[in-house]
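**Q**
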Amino acid sequence: MTSSSTTAHPSDTDLLGSVIEALDRLRATGPLVHCLTNDVVVNFTANALLAVGAAPAMVDIPEESGMFAGVAGGLLVNLGTPHAEQRAAIEAAVASAGEAGTPWVLDPVAIGALPVRTELAHRLRDARPTVVRGNASEVLALAEAGAGGRGVDALDEVDAAAEVATRLAGTTGAVVAVSGPVDLVTDGARTARVANGDVLLTKVTGGGCALGAVMAAFAAESDDPFVATVAAVTTYTVAAELAAARAAGPGSFAVGFLDALASVSGDDLRVRARLS
Amino acid sequence: MTSSSTTAHPSDTDLLGSVIEALDRLRATGPLVHCLTNDVVVNFTANALLAVGAAPAMVDIPEESGMFAGVAGGLLVNLGTPHAEQRAAIEAAVASAGEAGTPWVLDPVAIGALPVRTELAHRLRDARPTVVRGNASEVLALAEAGAGGRGVDALDEVDAAAEVATRLAGTTGAVVAVSGPVDLVTDGARTARVANGDVLLTKVTGGGCALGAVMAAFAAESDDPFVATVAAVTTYTVAAELAAARAAGPGSFAVGFLDALASVSGDDLRVRARLS
Amino acid sequence: MTSSSTTAHPSDTDLLGSVIEALDRLRATGPLVHCLTNDVVVNFTANALLAVGAAPAMVDIPEESGMFAGVAGGLLVNLGTPHAEQRAAIEAAVASAGEAGTPWVLDPVAIGALPVRTELAHRLRDARPTVVRGNASEVLALAEAGAGGRGVDALDEVDAAAEVATRLAGTTGAVVAVSGPVDLVTDGARTARVANGDVLLTKVTGGGCALGAVMAAFAAESDDPFVATVAAVTTYTVAAELAAARAAGPGSFAVGFLDALASVSGDDLRVRARLS
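Chains as they are written, first to last, in the working numbering: chain F, 1 to 276; chain L, 1 to 276; chain Y, 1 to 276.
1) Express the C-alpha separation of T229 (chain L) and A217 (chain L) in angstroms, rounding to a whole number.
2) Near D12 (chain Y), which residues of its chain fall below 7 Å by C-beta distance, leaving aside the five closest residues on each side in sequence?
3) What residues of chain L sit near L79 (chain F), judged by a beta carbon separation below 9 Å?
4) Comparing alpha-carbon positions, which option in Y:A54, Y:R193, Y:L75 and Y:V40 lies nearest H83 (chain Y)?
5) If you run the structure through DSSP and keep just helix, strand and coil, what is S265 (chain Y)?
6) Identify each residue in the region 40-69 of chain L for which the Cβ-Cβ distance to at least one residue of chain F is less than 8 Å, and report them in chain order.
7) Could you list which residues in chain F have their beta carbon closer than 7 Å to that of G256 (chain L), in chain order?
8) Roughly how many angstroms lie between the CA atoms of A165 (chain Y) and L79 (chain Y), to the nearest whole one?
9) Please give the ranges of any alpha helix (DSSP H) in the region 28-74 of chain Y, keeping only runs that are unbroken, at least 4 residues long and fully inside the region.
10) Report yes or no: is there a C-beta of chain Y within less than 7 Å of the C-beta of L211 (chain L)?
11) Can you look up V175 (chain F) in the DSSP assignment and give me helix, strand or coil?
12) Residue range of the beta strand (DSSP E) that A106 (chain F) falls in?
13) Could you tell me which of Y:G266, Y:M215 and Y:L120 sits nearest to L32 (chain Y), measuring between CA atoms?
14) Do A245 (chain Y) and F253 (chain Y) count as a contact pair if the criterion is CB distance below 7 Å?
15) Rank F:E85, F:L106, F:E119 and F:V264 by C-alpha distance to the C-alpha of V77 (chain F) and give the top, closest one.
16) Count the C-beta pairs between the region 24-38 of chain Y and the region 181-197 of chain L that are closer than 8 Å, then say yes if the count reaches three, no if not.
17) Residues in the region 107-135 of chain Y with C-beta within 9 Å of chain F's C-beta atoms, listed in sequence order?
18) If we ignore side chains and look at the alpha-carbon of each, how far apart do D268 (chain L) and V255 (chain L) end up?
19) Verify whether the separation of the beta carbon atoms of A46 (chain F) and P56 (chain F) is less than 7 Å.
20) Less than 7 Å separating the beta-carbons of A260 (chain F) and A239 (chain F)?
21) Using only the alpha-carbon positions, how far apart do A127 (chain F) and T234 (chain F) sit?
22) Within 10 angstroms of the Cβ of V94 (chain L), are there 16 or more other Cβ atoms? Answer buried if so, exposed if not.
23) For A248 (chain Y), return the contacting residues in chain F, with the cut-off set at a CB-CB distance below 7 Å.
24) From the beta carbon of E85 (chain Y), is the nearest beta carbon of chain A less than 7 Å away?
25) Does any residue of chain Y have a CB that is nearer than 7 Å to the CB of A262 (chain L)?
26) Could you pull the start and end residues of the beta strand (DSSP E) that T191 (chain Y) belongs to?
27) Using the three-state DSSP reduction, which class does R133 (chain Y) fall into: helix, strand or coil?
28) Indicate the three-state DSSP secondary structure (helix, strand or coil) for D183 (chain Y) in the structure shown.
29) Considering I90 (chain Y), what are the terminal residues of the alpha helix (DSSP H) in which it resides?
30) So for V139 (chain F), helix, strand or coil by DSSP?
31) Using 7 Å as the threshold, is the C-beta distance between A177 (chain Y) and L49 (chain Y) below it?
32) Tell me the rounded alpha-carbon separation between V131 (chain L) and A219 (chain L).
33) Smallest Cα separation from T37 (chain F): which of F:E241, F:S137 and F:G208?
34) Using a C-beta to C-beta distance shorter than 7 Å, which residues of chain F count as neighbours of P82 (chain Y)?
35) Can you name the start and end residues of the alpha helix (DSSP H) that R246 (chain F) belongs to?
36) Take V277 (chain Y) as the anchor and find which of Y:G249, Y:T237, Y:A143 and Y:R272 has the nearest alpha-carbon.
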């Protein structure tokens, strides 16, 4: 492979090389990822992090989350079930992550019409997350460019959100990742599309939410959040393809997906990644 | 198949035809199901809904649950871990469901001796749930005809609960479903028994709780809650049989059960359903 | 097999005989196990209890937990996500367990630097738990002999914790179990080492936490908590070996582990247990 460049408009080959290096680095270092996430997916999220090679920790009370976000390698803030105690824990963790320089991912699940999470998401957006991850309607709602989603379904096409995502990246400084049949990642200047994955990923709860945690794991071991985010999406969606090929339905897919996340290799990415 | 009639004492064949139509309709429409359920089973419940073809959403804070219950297709209220914040969310959701006409399922987990959930369940019973689901001892306790259960075990036989269930249906207007080796469903006037299922379903946590969510999914797309409830029980327990035939234990059963819920067809129901 | 003696320094053969008897007894009686545990592992914990033959119940609000701990066969207190409401539920449950003589297990997850759980763990330690379970760094922190862990990782070797564990058992009256490549169990007078298990158990979230619940199940049906704890560790880690032999990664391992917990037999233990 050619040497990679992560700072300016790498070619597709350069980017793939950087992605593979990022996976190797994550496996070698096992970053500690602090997750403040929803009750529905917290188990799957922890197992996805363990599988990919990271160490999950769900320290989700306000008296402890600030301290912990300061020592963790990365932080995930997912708004799927924003209980009052967790909202306080999130505020403490995000403040601490900002002070300590801990990279953090914001996943504004189902914002738009639901008032508590929407108001919180807008406030968190302005606290300079490292990465924002959502489906098209969530990204539109975060940018206050759309009405938001119906739960975790994506009503808007990814392409329709591309312009808004680029603008959101520009105004917030975050890398913005939009999930869909083709995933889009942009930091405002650079944009990548990842055409991997499988529809079964939408048939397992946490299929999207756990990706946010994996992004935090990659961001923990990278000085380029754009490359880290592309690496997370590529690793995750290629693992999904490997699992889907052996699955008999959503139950066996979820099991095989964790196996695949643990075994997916740089060679798998080299053969399968559809990056552009 | 003969044409079905869902309004008055259908024959077994008519009922099975209606059940198959209900499954086809659920798969075609993908109803949004709002779940206020316990921490133990919330992940399995979401995955069961996705597998059967519905869209789960666990909006469980009081500031958001009322609004959401008004737009959801169906609502599940499960009392397994009734935290204070969730109790408030339940009250808001049930009030809103009543106003909006959203069908809702009450699962009074482990009521009887435990005071908070028992008092709440009695109050919710009087708020006119569309469907009540429980094991025999829970149904007896909800009707204030027995002392309640030991956790989620069923100490009383389903048959012993049949009379009480019929009376409870009459006084509340709800369809009452009693789980057991043979499941009983009654709306007071009509009664069906479903003799499908497998004992492995009792060896996976959420085996009963997720059924309540599937009932809410069927009720969302039906104007006859009795048929919807029979359809949910039949689909669910036939899927359990399909999974049990391939399982090596409770772990592989749970995985295969989600696969089977996603693939179970009208033909499977026609061949296997033991409805009477 | 020779007859077993559980009261004074049994030989390895005697201890193995007692372990097998304990497993048979658990399967015959199906003890009710009350779990106050963390959100991440609560589903896996309930499924592990069901698989091994116990009946889980997660009654985790303060208005109900005290009553329930008084009637349960055993109680698990796990501090992984100690929300305010759960902390109150724990205090009520532990007080009630003490009065009723319900055996209980304390799992002080990630104590050391995190203030709320650490203070609570020290207080619970002084309330005379029947069993304490943790990794080496957690046991050191509970004994106030070390700085505690990084989440659920074990930074200290089990052997280094052996002396501290023996002292902690002496001062608290608890059986102390230290997880690691070789598990250590001591009641101060007797010490056993169990050299079974598989590294995949550390790649599934709840791999350690669910063991605490299984310990509570065994303690519910034993008058010797030392033998009960050794039986739990042996059954659990032998099941892990059986599952690991068939696993393709952490996903399939977790599934196969539940299958193995449900099927592991006295003969399996006799052939595979590496007790000393």
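Note that the Cβ used here is the ideal one computed from N, Cα and C, for glycine as well.
Everything numeric in this text was worked out from a predicted model, so none of it was measured.
**A** Once the coordinates are examined:
1) Rounded to whole angstroms, A217 (chain L) to T229 (chain L) spans 10 Å at the Cα level.
2) Taking C-beta separations shorter than 7 Å and ignoring five residues to either side along the sequence, the partners of D12 (chain Y) in its chain run L275 and S276, following chain order.
3) None at all; the shortest Cβ gap to chain L is about 11 Å.
4) Just measuring C-alpha positions, the residue of Y:A54, Y:R193, Y:L75 and Y:V40 sitting nearest H83 (chain Y) is Y:V40.
5) In the structure shown, S265 (chain Y) sits in coil (DSSP, three-state: anything other than H, G, I, E or B).
6) Those residues of the region 40-69 of chain L placed with their C-beta closer than 8 Å to a C-beta in chain F are V42, N43, A46, N47, L50, A51, A55, P56, A57, M58, V59, D60, I61, E63, E64, M67 and F68, ordered along the chain.
7) The answer, in chain order, is G251.
8) Roughly 19 Å between the two C-alpha positions.
9) You should have 42-52 and 62-71.
10) Under the 7 Å criterion on CB atoms, L211 (chain L) is classed as non-interfacial with respect to chain Y.
11) Three-state result, V175 (chain F): strand.
12) For the sequence presented, residue 106 (chain F) should be read as Leu rather than Ala. From DSSP, the beta strand (DSSP E) with L106 (chain F) extends over W104 to D107.
13) Closest by alpha carbon: Y:M215.
14) It is not a contact, given that the beta carbons lie outside the stated cut-off.
15) The residue with the shortest Cα to Cα distance from V77 (chain F) is F:L106.
16) Under the 8 Å Cβ criterion, the region 24-38 of chain Y does not count as touching the region 181-197 of chain L, having fewer than three qualifying pairs.
17) Taking 9 Å as the Cβ-Cβ cut-off against chain F, the residues of the region 107-135 of chain Y that qualify are A110, A113, L114, P115, V116 and R117.
18) Distance between the alpha carbons of D268 (chain L) and V255 (chain L): 19 Å.
19) Annotated as proximal: A46 (chain F) and P56 (chain F), with beta-carbon spacing under 7 Å.
20) Taking 7 Å as the Cβ cut-off, A260 (chain F) and A239 (chain F) qualify as a contacting pair.
21) Rounded to the nearest angstrom, the two C-alpha atoms are 27 Å apart.
22) So V94 (chain L) counts as buried.
23) Going along chain F in sequence order, the residues near A248 (chain Y) (Cβ under 7 Å) are D259.
24) Note that chain A does not occur in the displayed structure, where the protein chains are F, L and Y.
25) Against chain Y, the CB of A262 (chain L) has no partner CB under 7 Å away; the residue lies outside that interface.
26) T191 to V194 is the span of the beta strand (DSSP E), which, as asked, contains T191 (chain Y).
27) It is a strand residue.
28) Assigned with DSSP and collapsed to three states, D183 (chain Y) falls in strand.
29) It spans A84 to A100 - the alpha helix (DSSP H) in which I90 (chain Y) sits, taken as one unbroken run.
30) DSSP, read as helix, strand or coil, puts V139 (chain F) in helix.
31) With contacts defined by Cβ atoms closer than 7 Å, A177 (chain Y) and L49 (chain Y) do not form a contacting pair.
32) Cα to Cα, the separation comes out at about 9 Å.
33) Nearest C-alpha to T37 (chain F) among F:E241, F:S137 and F:G208: F:G208.
34) Ordered by position in chain F, the residues that pass the 7 Å Cβ test against P82 (chain Y) are I61.
35) First-last for R246 (chain F): undefined, no H or E at that position.
36) An answer regarding residue 277 (chain Y) cannot be provided, because it is not within the stretch 1 to 276 covered by chain Y.
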